[in-house]
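Chains as they are written, first to last, in our numbering: chain A, 126 to 578; chain B, 126 to 578; chain C, 126 to 578.
Beta carbons are placed, not taken as given, at the ideal position from N, Cα and C, and that holds for glycine.
These figures come from a predicted structure and were not determined experimentally.
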Amino acid sequence: MTDTNTNMRLKLPITCFILEIILIILFGVLVEYDKETDAKKWHHSNHSEYDNDFYYRYPSFQDVHVMIFIGFGFLMTFLQRYGFSSVGFNFLIAALALQWATLMQGFFHGMQGGKIHVGVESMINADFCTGSVLISFGAVLGKTSPVQLLVMAVFEVTLFAVNEFILLSLLGTRDAGGSMTIHTFGAYFGLMVARVLYRPELDKSKHKNSSVYHSDMFAMIGTLYLWMFWPSFNSAITAHGDDQHRTALNTYYSLAACTLSTYAMSALTADDGKLDMVHIQNAALAGGVAAGTAGEMMLTPFGSMIVGFLAGIISVLGYKYLSPILESKLKIQDTCGVHNLHGMPGVMGAIVGAVTASLATKEIYGDGLKDVFPMVAPDGRSASSQGGIQAISLAVTLGMALVGGLLVGFIMKLPIYGAPSDASCFEDSIYWEVSSKKLLETSKLCICPQSSY
Amino acid sequence: MTDTNTNMRLKLPITCFILEIILIILFGVLVEYDKETDAKKWHHSNHSEYDNDFYYRYPSFQDVHVMIFIGFGFLMTFLQRYGFSSVGFNFLIAALALQWATLMQGFFHGMQGGKIHVGVESMINADFCTGSVLISFGAVLGKTSPVQLLVMAVFEVTLFAVNEFILLSLLGTRDAGGSMTIHTFGAYFGLMVARVLYRPELDKSKHKNSSVYHSDMFAMIGTLYLWMFWPSFNSAITAHGDDQHRTALNTYYSLAACTLSTYAMSALTADDGKLDMVHIQNAALAGGVAAGTAGEMMLTPFGSMIVGFLAGIISVLGYKYLSPILESKLKIQDTCGVHNLHGMPGVMGAIVGAVTASLATKEIYGDGLKDVFPMVAPDGRSASSQGGIQAISLAVTLGMALVGGLLVGFIMKLPIYGAPSDASCFEDSIYWEVSSKKLLETSKLCICPQSSY
Amino acid sequence: MTDTNTNMRLKLPITCFILEIILIILFGVLVEYDKETDAKKWHHSNHSEYDNDFYYRYPSFQDVHVMIFIGFGFLMTFLQRYGFSSVGFNFLIAALALQWATLMQGFFHGMQGGKIHVGVESMINADFCTGSVLISFGAVLGKTSPVQLLVMAVFEVTLFAVNEFILLSLLGTRDAGGSMTIHTFGAYFGLMVARVLYRPELDKSKHKNSSVYHSDMFAMIGTLYLWMFWPSFNSAITAHGDDQHRTALNTYYSLAACTLSTYAMSALTADDGKLDMVHIQNAALAGGVAAGTAGEMMLTPFGSMIVGFLAGIISVLGYKYLSPILESKLKIQDTCGVHNLHGMPGVMGAIVGAVTASLATKEIYGDGLKDVFPMVAPDGRSASSQGGIQAISLAVTLGMALVGGLLVGFIMKLPIYGAPSDASCFEDSIYWEVSSKKLLETSKLCICPQSSY
């Protein structure tokens with residue numbers, strides 16, 4: 126099953142070593158501890174050890190970290206013969222992306238004295254950027270070599286950082302949970318890459334582009350970790366205090382409502398009324414995406430539930446009816462259906478955020494207004510301006526994602542990465558040592574008259 | 126394998142949509158942010174952002190959340206062909222229950238200005254109530270339709286909230302980890318429901334009411350998350366400071382001792398001395414249940430270990446000898462053996478709590494007495510009164526659970542929910558899309574002469 | 126498959142009951158709550174409830190706890206027919222070890238008024254000691270009875286506590302993440318035990334000393350939890366404030382770089398360039414081990430990345446080339462390859478720590494110097510002395526581990542524990558109830574002409 130050109134014996138080491146050595150050199154030149162992590166700087170000021178930002182951000186960081194490595198990694202193990210690659214390539218890309226993102230985001234967030242400062246906040250932001258890359262991975266899952274993915278990560282992280290800078294620093298947009306910067310960007314970038322990498326004969330691998338019983342069980346591990354920790358994700362970099370607290374709570378309610386509507390729609394759209402694991406694994410998470418932007422706002426629990434409720438419906442309808450159309454009409458082979466979980470709900474989240482922002486008033490937010498909308502003030506920007514800028518930001522993000530995905534897609538299309546053939550997609554044994562005994566080919570099991578062993 | 130009447134195409138969507146829409150409306154009318162989550166209220170007072178209760182309760186909340194969705198969900202995946210339903214219905218019921226519990230508990234905890242206030246404390250309390258429903262689910266696991274479970278959840282959450290109100294608010298009982306309010310209540314409620322829903326021909330599904338190798342591995346994920354995070358569970362809503370700290374530590378020691386006695390009893394009660402996964406998965410957790418009430422008290426590490434040690438013994442004896450008797454004599458078909466993990470250890474926990482409370486003195490607790498026993502004071506209630514009230518509370522809980530379970534059981538017995546037939550229990554393909562290729566029927570695998578593929 | 130002498134029906138209960146009862150008695154006599162957990166002591170002082178150490182250590186504790194039970198437990202489930210024992214014996218040993226370690230470490234850390242005081246710090250330290258035992262378990266995985274493991278744990282915990290006391294209290298060595306006390310000690314102790322318990326005919330079980338597809342997937346759960354939470358592990362007992370923050374960050378970067386070099390080396394050392402799951406599961410973690418000692422120092426992100434990068438290379442080379450030599454030449458049958466993940470990287474971590482310590486200056490650390498190096502001061506010890514002492518500590522640790530492993534190995538060699546025969550190693554059904562239908566013998570599945578069921 127191995128083409129010589131999928132042999133990773135030189136391609137992968139060369140790529141990994143070059144990237145890591147460049148990263149090490151750049152870190153050596155550019156990166157320093159920030160004032161919360163540097164022994165001298167921290168002890169120079171007069172404060173309690175308990176005031177270190179570690180205690181107020183690290184628990185959220187760990188939840189985000191688990192979402193990146195376990196959540197995304199295992200959610201994608203639904204593919205029956207691609208589990209090693211799903212978890213393993215997720216692991217590899219994320220390890221690279223978080224380092225490169227530290228540099229890219231550090232550069233754009235503003236270097237001090239020519240240095241990038243790192244601490245738990247930069248760790249969270251790097252994981253956020255990584256999430257976006259993993260979303261794009263989901264669109265092309267099963268159809269690339271690991272080297273292609275590393276190349277995609279390098280470019281995508283850069284574009285993510287540029288888009289994030291434009292939105293958050295230049296436009297003063299608010300997007301705490303990344304409905305735009307992470308989900309919309311990652312989804313449409315990935316979909317465009319998938320379009321460029323369209324495989325006309327992917328049907329040859331069709332029988333492997335599905336789950337088996339226990340791979341669905343592994344995927345549920347991923348689903349549940351994403352679902353449970355999304356409140357931490359959306360609140361991880363909001364302002365301390367009520368902001369973090371409210372964001373976590375809004376997200377929690379959005380997801381709960383989303384789960385109910387997902388189960389309802391999954392049964393409703395099936396002729397025999399049976400639940401589809403694909404919906405439960407994915408669409409039940411749409412509420413987290415859709416609450417990303419507005420999560421830190423005074424969305425109210427009621428508002429959050431409506432958002433989640435609608436997100437679940439949209440997502441299931443996408444999985445059921447839209448994805449097949451995207452494939453047949455637009456030639457977008459979206460393995461994980463990222464358009465239904467991150468794309469449409471991301472856009473929805475942006476819209477919800479724009480509307481909620483435009484309705485912000487001092488009456489509602491009191492003195493908490495500046496924490497959520499630093500730019501909105503009597504002598505500053507009006508709430509409706511903020512809402513308008515939120516909407517413009519969605520357009521900017523879509524543009525960056527689609528154009529970026531197009532360009533990077535063509536870079537990834539170069540026949541130099543050891544990509545699998547159309548007949549060898551969704552197959553671990555191309556890139557992983559999987560002895561013949563090891564791989565459980567459930568589709569070839571049979572009923573034999575005698576049933577003992 | 127599909128009866129028309131198990132077709133969920135209308136039943137499930139209708140139930141989910143109606144419930145969620147009602148919840149959304151009620152939240153819109155009744156629910157507000159509390160003073161820790163509301164931007165205006167929080168910023169109105171003069172305090173540090175770091176004083177927000179988010180930082181002192183949210184990490185515990187996340188641990189509880191993981192126990193609810195991963196712990197309970199995966200523990201019940203031991204059933205070889207019911208993994209989708211175990212994890213999936215657990216997910217659905219919990220998403221509903223936590224929303225409904227927010228309203229029910231909010232109503233009983235005291236509305237302010239006609240509003241229910243939400244924050245991380247209400248989130249924890251809602252997850253606690255949800256835990257009780259999932260315990261009852263364990264008793265009827267494999268034998269119900271998802272609609273029955275949603276109906277059960279609606280009623281059980283209400284009864285839970287009433288019982289919790291009687292115990293905590295009216296009687297002034299202490300039950301931080303819910304040995305009574307959660308475990309005793311959930312177990313006996315579920316057992317009574319199981320009794321009402323007794324299936325005389327359940328033997329037709331007997332071959333599916335067991336585990337296979339990898340389903341036992343999935344279940345161990347659930348077991349270990351429950352075990353590890355139980356200290357957070359028991360301490361999640363105790364008073365800040367030493368109370369949370371002590372409760373976590375007591376629970377940790379109780380579980381460690383319980384594990385040792387569980388392994389001992391499991392080998393001892395087997396003719397061939399082999400360990401039984403059922404015991405390891407379940408009985409090893411009994412120490413957490415039994416330390417629920419007394420966990421916040423000055424139980425001492427030594428006392429905690431004795432509690433856990435005994436709980437493990439009782440639990441294994443229950444699994445080995447009592448459950449078969451409950452089934453044959455009392456017609457209680459308790460799928461998960463909740464009587465052995467939540468029922469008896471819950472009662473034990475209540476008794477331990479009553480005894481420990483009656484021994485509370487100012488000498489032992491110093492000025493910390495009022496944190497643990499607000500009602501006990503020289504001019505208030507005596508410690509032995511508190512002990513007596515603790516014991517009465519156990520009786521109240523048992524009464525509520527048994528009567529409530531009886532009534533709700535009959536509501537669930539109505540033939541309108543699409544319940545499976547006796548021959549179709551413990552079977553995912555009734556309610557889930559599980560293609561024939563997907564389901565690994567290990568019992569039908571064979572040894573064939575040629576062994577290559 | 127059951128020899129009468131592997132029958133655990135009396136051996137295991139007797140061992141567990143005796144150990145647990147002794148522990149309970151000793152706890153009753155010796156153990157008290159510390160000032161953070163005792164109601165009276167805590168309330169005697171005048172401080173905010175939010176100052177309780179619970180809030181500043183417990184989240185790290187929970188991450189460490191997950192590493193012990195899920196991380197180690199599931200990492201070892203790669204063995205195709207030993208999953209129950211891997212997770213289950215890990216669970217049992219850990220539950221014993223953390224209790225015994227509490228006493229041993231409490232004794233050596235200094236009793237106050239003849240009492241050992243417990244709180245979250247002692248809980249973390251006990252889990253650290255337990256980690257060392259589990260590392261040794263990895264070396265002998267599949268080849269012992271549970272009783273042997275409990276005996277090993279009792280002795281190893283004692284020796285660990287002695288070594289830790291010599292290093293940290295007598296020599297004033299710094300080893301926050303235990304590169305020496307935990308990893309070097311645990312690995313070389315375990316390797317020596319494995320040497321003493323050498324099985325000349327282990328080839329009879331060779332076919333079971335490997336993974337299958339889904340067991341590798343379970344193992345990845347373990348790998349990822351260890352990887353993600355290692356920052357918490359290394360920072361769990363460092364000084365509050367910048368120290369914890371910096372240690373977590375250094376570890377995070379070390380692991381990211383390690384992952385890249387691991388993937389590179391895994392492909393490079395394979396003729397067909399295919400990634401080996403053994404490397405990904407284990408070697409990708411070496412960066413955490415190697416950053417254990419120096420993690421709290423001003424290692425810099427750049428320095429951390431170099432450390433991790435090299436650790437990954439060394440680890441893969443070990444798995445690929447050194448382990449077979451250790452087995453054939455030195456008769457060390459190291460099931461999990463702990464020498465490659467904990468042994469060599471542990472030594473590396475000690476060396477890195479020694480070098481980094483010797484370079485410590487007031488210019489670099491400012492007033493934070495005393496937090497990291499309490500002994501280093503103008504009128505105290507010099508930095509190069511500290512570095513020298515760090516190096517000496519490595520030698521002390523190796524000595525303790527090798528001599529201790531030799532002695533304990535011979536104690537474990539006594540034919541009284543019900544150990545499996547050479548042909549019955551790596552086999553769950555010796556000690557666990559695993560019905561014939563349950564065990565999925567993938568190696569005996571076949572391709573049958575008709576493929577429907």
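Judged by their CB atoms, A:P545 and A:I555 are nearer to each other than the 8 Å cut-off. If one requires a minimum length of 3 residues, the beta strand (DSSP E) runs lying completely within the stretch 138 to 177 of chain A are 156 to 158, in chain order.
In the DSSP assignment, B:V243 falls within the beta strand (DSSP E) that extends over 241 to 243. Here the stretch 355 to 363 of chain A makes no contact with the stretch 382 to 390 of chain A; the two share fewer than three CB pairs at distances below 8 Å.
Listed along the chain, the chain B residues whose CB falls inside 8 Å of the CB of C:N130 amount to none; the nearest CB is some 11 Å away. When the Cα atoms are used, A:Y183 and A:V245 turn out to be separated by approximately 6 Å.
Nearest in C-alpha terms to A:T227, of all of A:Y175, A:S507, A:F203, A:D159, is A:D159. Using a Cβ-Cβ cut-off of 8 Å, B:G347 does not count as an interface residue toward chain C, since no Cβ of chain C sits closer than that to its own. Residue burial is scored here from C-beta neighbours: C:V337 has at least 16 other C-beta atoms within 10 angstroms and is therefore classed as buried. Look at A:I476: its C-beta is not under 8 Å from any C-beta on chain C.
Taking 8 Å as the cut-off, the Cβ atoms of B:G398 and C:L266 do not count as close. For B:D188, the enclosing alpha helix (DSSP H) stretches over residues 179 to 191. One finds A392, L393, A395, D396, D397, G398 in chain A with Cβ atoms closer than 8 Å to the Cβ of B:R134, taken in chain order.
Between the alpha carbons of B:P470 and B:M430 lies a gap of roughly 14 Å. What A:P449 touches in chain C, judged by beta-carbon distance under 9 Å, is nothing: the nearest beta carbon there is about 26 Å away. Annotation: C:E421 to A:R206 spans about 42 Å, alpha carbon to alpha carbon.
At a C-beta separation below 8 Å, C:H339 has these neighbours in chain B: H339.
Distance from the CA of A:W167 to the CA of A:F179, rounded to the nearest whole angstrom, comes to 12 Å.
Between the stretch 187 to 199 of chain B and the stretch 455 to 469 of chain A there are fewer than three C-beta pairs closer than 8 Å, too few to call the two in contact. Within chain A, the residues whose beta carbon sits less than 7 Å from that of B:W167 are G366, D367, G493, listed in sequence order. Rounded to whole angstroms, the separation of the alpha carbons of B:V414 and C:A220 is 17 Å. For A:L400, the secondary structure class from DSSP, reduced to helix, strand or coil, is strand. Nearest CB-CB separation between A:L385 and chain B: below the 8 Å threshold. For the 8 Å CB-CB criterion, A:Y490 and A:M423 form a contact. Contact annotation: in the stretch 410 to 434 of chain C, residues whose CB is within less than 7 Å of a CB in chain A are M423, P426, F427, M430, I431, F434. Rounded to the nearest angstrom, the gap between the Cα atoms of C:N215 and C:F142 is 18 Å. Taking every protein chain shown into account, the CB of B:D341 has 16 or more other CB atoms within 10 angstroms, so this residue is buried. Cβ-Cβ separation between A:G474 and A:G417: approximately 5 Å, consistent with a contact (criterion under 8 Å). According to DSSP, residue pairing for C:W352 in a beta bridge does not occur. Inside the stretch 484 to 521 of chain A, DSSP marks whole alpha helix (DSSP H) runs of 4 or more residues at positions 487 to 490, 494 to 497, from first to last along the chain. When the five nearest sequence neighbours on each side are left out, the beta carbons in the same chain lying within less than 6 Å of the beta carbon of A:G529 are those of L284, F314, in order along the chain. A direct Cα-Cα distance of roughly 13 Å separates C:T384 from A:T140. In chain C, no part has a C-beta under 9 Å from the C-beta of A:E552; the shortest such distance is about 12 Å.
Shown here, C:Q237 sits in a strand according to DSSP, grouped into three states. Put simply, the backbone Cα of B:F203 is about 11 Å away from that of B:T460. Against chain C, the beta carbon of A:T162 has neighbours under 7 Å at D367, H370, R371, L374, listed in chain order.
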